[in-house]
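All residue numbers for the sequence shown refer to this note's numbering, where the first residue is 18 and numbers rise by one. In this text, a Cβ means the ideal position worked out from N, Cα and C, and glycines have one as well.
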Amino acid sequence: MKSLLPLASTLIAASVLSACIINVDSHSVRTGRYVSAETLRQIEPGRTQDYVLALIGDPSSKSQLENGIEIWKWTYSETRRREGRLIFVFSGDESQRVDGATYVEFQDRVVKKSWQD
């Protein structure tokens, strides 16, 4: 009878722990104008400002420089949140924020170059 006690204890512990619910949830929320790498590749030198506006919309800001150079900037922020719960044992929450921007440089209303940071 004594030799069955450790086995019974193990089986009871396993059944109790298996009844605990494990829940993991992760999601992302973006604000601003995110420009994908695929979209950025379509903004080739020689394209017009009208083309860029039609492709990705109005920029967050515009900077006028010398010699007919203008830089447009699109900014975005992405917050990734991950939550996990193991009922009766552990609960965790992790949040990460990423900020980024896309830039297009025009000279005389024509794309000269584009990049992201």
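Tell me which same chain residues have a C-beta within less than 7 Å of the C-beta of residue i, skipping the five on either side of it?
{"i": "Q5", "result": "The structure shown has nothing for residue 5, since the chain only spans 18 to 134."}
Could you pull out every residue in the same chain whose Cβ sits closer than 6 Å to the Cβ of residue i, ignoring the five residues on either side in sequence?
{"i": "G117", "result": "Y93"}
{"i": "S80", "result": "I88"}
So what does residue i bridge to, in DSSP terms?
{"i": "R47", "result": "E95"}
{"i": "Q113", "result": "R97"}
{"i": "E122", "result": "I88 and K130"}
{"i": "Q59", "result": "Beta-bridge pairing links Q59 to no other residue."}
Going straight from the alpha carbon of residue i to that of residue j, what length do you get?
{"i": "E122", "j": "H44", "result": "33 Å"}
{"i": "P62", "j": "R50", "result": "21 Å"}
{"i": "R126", "j": "E111", "result": "44 Å"}
{"i": "T65", "j": "V128", "result": "6 Å"}
Just to confirm, are residue i and residue j a CB contact at a threshold of 8 Å?
{"i": "T119", "j": "L57", "result": "yes"}
{"i": "R47", "j": "E87", "result": "no"}
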